[in-house]
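FYI, full-length UniProt numbering numbers position 225 of the sequence shown as 225, with every residue one higher than the one before it.
Glycine residues also receive a C-beta, built at the ideal position from the N, C-alpha and C atoms.
Structure record follows, encoded as structure tokens.
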Amino acid sequence: SGDSTARIWTISDGLFKSGGKNSPLNVLVLKHVKGRTNEKSKDVTTLDWNGEGTLLATGSYDGQARIWTTTGDLRTTLSKHKGPIFSLKWNKKGDYLLTGSCDKTAIVWDVKAEEWKQQFEFHTGPTLDVDWRNNVSFATSSTDHMIYVCRIGETRPIKTFAGHQGEVNCVKWDPTGSLLASCSDDITAKKVLMQIWCMKQDKYVHDLREHSKEIYAIRWSPTGPGTNNPNQQLVLASASFDSTVKLWDVEQGKLLYSLNGHRDPVYSVAFSPNGEYLASGSLDKSMHVWSLKEGKIVKTYTGNGGIFEVCWNKEGDKIAACFANNTLCVLDFR
1 SGDSTARIWT
11 ISDGLFKSGG
21 KNSPLNVLVL
31 KHVKGRTNEK
41 SKDVTTLDWN
51 GEGTLLATGS
61 YDGQARIWTT
71 TGDLRTTLSK
81 HKGPIFSLKW
91 NKKGDYLLTG
101 SCDKTAIVWD
111 VKAEEWKQQF
121 EFHTGPTLDV
131 DWRNNVSFAT
141 SSTDHMIYVC
151 RIGETRPIKT
161 FAGHQGEVNC
171 VKWDPTGSLL
181 ASCSDDITAK
191 KVLMQIWCMK
201 QDKYVHDLRE
211 HSKEIYAIRW
221 SPTGPGTNNP
231 NQQLVLASAS
241 FDSTVKLWDV
251 EQGKLLYSLN
261 GHRDPVYSVA
271 FSPNGEYLAS
281 GSLDKSMHVW
291 SLKEGKIVKT
301 YTGNGGIFEV
311 CWNKEGDKIA
321 ACFANNTLCV
331 LDFR
């Protein structure tokens, strides 16, 4: 949050909404700055749990990454970046943490040793997003229009993807680590560009142009090879400032559905663990839950502010949404 904190909420069964008088939730407040703060350096910009759910990593505008325990104790502060951290991710094994910063670099941290293992200085502009391909290699994207695939121990990128004409906002590997999706602000023929890349090729595999405004978020479905739902089709979802969510058949490079239920920019999308539903959150103060089988809305929740993020729990029966009016809601989907 912009109040220089991250918060860990303990939600018991039967309580599905926070912020009201009848919701005494247990919350741990993780304070990143003590005393008076500089407005520009206090934002907590990104966070990520490790795979076991035992450690929480946070990245901040002060350029530091911090690792917290589930009891709210600060375990480690990682300092090397010379600018705000925009993205951070644990690898699946949980031994490395990856951070991307405004200082144009990405850093891999050895969590056990509590020190940086390698700094990657390839971009000529701020690093906007990072995503692990496996436990030792990852992709980075930047305002410099470039995407690099890097590996720990290598001094040069193992793959370079050049094709975007604008800032590359987001990069996401598919569940098998063979395909990389990227989205940017570049508009060609009044359509915003999203691309699919493959490690076996230097050029993009698919060039997806359907959105009319910036794409803010992309997510792969937890379906297809390498997932718990191997017999279902792999789908890519994209959320845009054009108020739509689009679902893609990535193998064919074709649009499956355009989900047109929001009135304002869509900031976040999240697939249910079983891959059957998609939640979308928008500045229009509503969260829709869509059936992927039918491409239709099955539930709508409305709050008192724009929605910046939505997320399912592992069981797929609750959805969390954070609102612009400083509230967090946990909603029942049973």
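Neighbourhood of residue i by C-beta distance below 6 Å, restricted to the same chain and skipping five residues each side
| i | result |
| --- | --- |
| Y301 | M287, L331 |
| W116 | K80, I107, W109 |
| T46 | G59, S87, L88 |
| T76 | I67, E114 |
| R102 | A small correction: the amino acid at residue 102 is Cys; Arg does not occupy that position in the sequence shown. Closer than 6 Å at the Cβ level, and outside the excluded window around C102, lie G83, P84, P126. |
| W9 | L25, V27 |
| V289 | Y277, A279, V298, K299 |
Residue i to residue j span [Cα, whole Å]
| i | j | result |
| --- | --- | --- |
| K203 | P157 | 16 Å |
| N231 | G224 | 6 Å |
| T160 | V149 | 6 Å |
| K42 | P126 | 19 Å |
| K246 | G253 | 12 Å |
| T99 | F138 | 11 Å |
| D249 | T71 | 42 Å |
| G261 | T244 | 7 Å |
| S240 | I218 | 9 Å |
| G63 | G226 | 34 Å |
| N274 | E315 | 9 Å |
| P175 | Q118 | 25 Å |
| R7 | L236 | 30 Å |
| C170 | W132 | 13 Å |
| Y61 | S258 | 35 Å |
| N326 | E154 | 43 Å |
| K191 | I215 | 10 Å |
| K200 | N134 | 16 Å |
| L255 | K34 | 49 Å |
| H164 | G303 | 36 Å |
| residue 340 | V130 | Because the chain is modelled from 1 through 334, residue 340 falls outside the range shown and cannot be assessed. |
| L128 | N229 | 30 Å |
| K21 | Y267 | Model confidence at K21 stands at a pLDDT of 46, short of 50, so the residue's coordinates are unreliable and nothing is read from them. |
| L78 | D48 | 15 Å |
CB of residue i within 8 Å of CB of residue j, strictly
| i | j | result |
| --- | --- | --- |
| S272 | W220 | no |
| S182 | W197 | yes |
| M194 | L208 | yes |
| S178 | H211 | no |
| S141 | V168 | yes |
| I307 | S291 | no |
| A279 | V298 | no |
| F120 | T105 | yes |
| K213 | D242 | yes |
Where the beta strand (DSSP E) containing residue i begins and where it ends
| i | result |
| --- | --- |
| H288 | 286-291 |
| C322 | 318-323 |
| I107 | 106-110 |
| N26 | 26-31 |
| I85 | 85-90 |
| R151 | 146-151 |
| S272 | Looking at the DSSP string, S272 is not in any beta strand (DSSP E), and its letter there is neither H nor E. |
| V298 | 296-302 |
| K191 | 191-198 |
| K254 | 254-259 |
| E214 | Taken as a continuous stretch (DSSP letters only), E214 belongs to no beta strand (DSSP E), as it is neither H nor E. |
| T70 | Here T70 belongs to no beta strand (DSSP E), and DSSP marks it neither H nor E. |
| V205 | From DSSP, V205 is part of no beta strand (DSSP E); its letter is neither H nor E. |
Buried or exposed (CB count within 10 angstroms, at least 16 for buried), residue i
| i | result |
| --- | --- |
| F323 | buried |
| K82 | exposed |
| L88 | buried |
| R263 | exposed |
| G59 | buried |
| V269 | buried |
| V27 | exposed |
| G2 | exposed |
| A162 | exposed |
| L74 | exposed |
| W173 | buried |
Same chain only: Cβ atoms within 8 Å of residue i, ignoring 5 sequence neighbours per side
| i | result |
| --- | --- |
| T5 | V29, L30, K31, H32, V44 |
| K318 | I11, F16, W312, V330, L331, D332, F333 |
| G53 | T70 |
| K293 | E276 |
| G94 | N50, G51, E52, L55, V111 |
| K92 | G51, W132, N134, N135 |
| E251 | L234 |
Other residues of its chain near residue i: CB distance less than 7 Å, five sequence neighbours each side excluded
| i | result |
| --- | --- |
| L97 | A57, A65, L88, W90, W109, V111 |
| T124 | K104, D144 |
| D284 | H262, R263, D264 |
Within-8 Å CB hit, residue i to chain C
| i | result |
| --- | --- |
| Y257 | Among the chains in the structure shown there is no chain C, since it carries only a single protein chain. |
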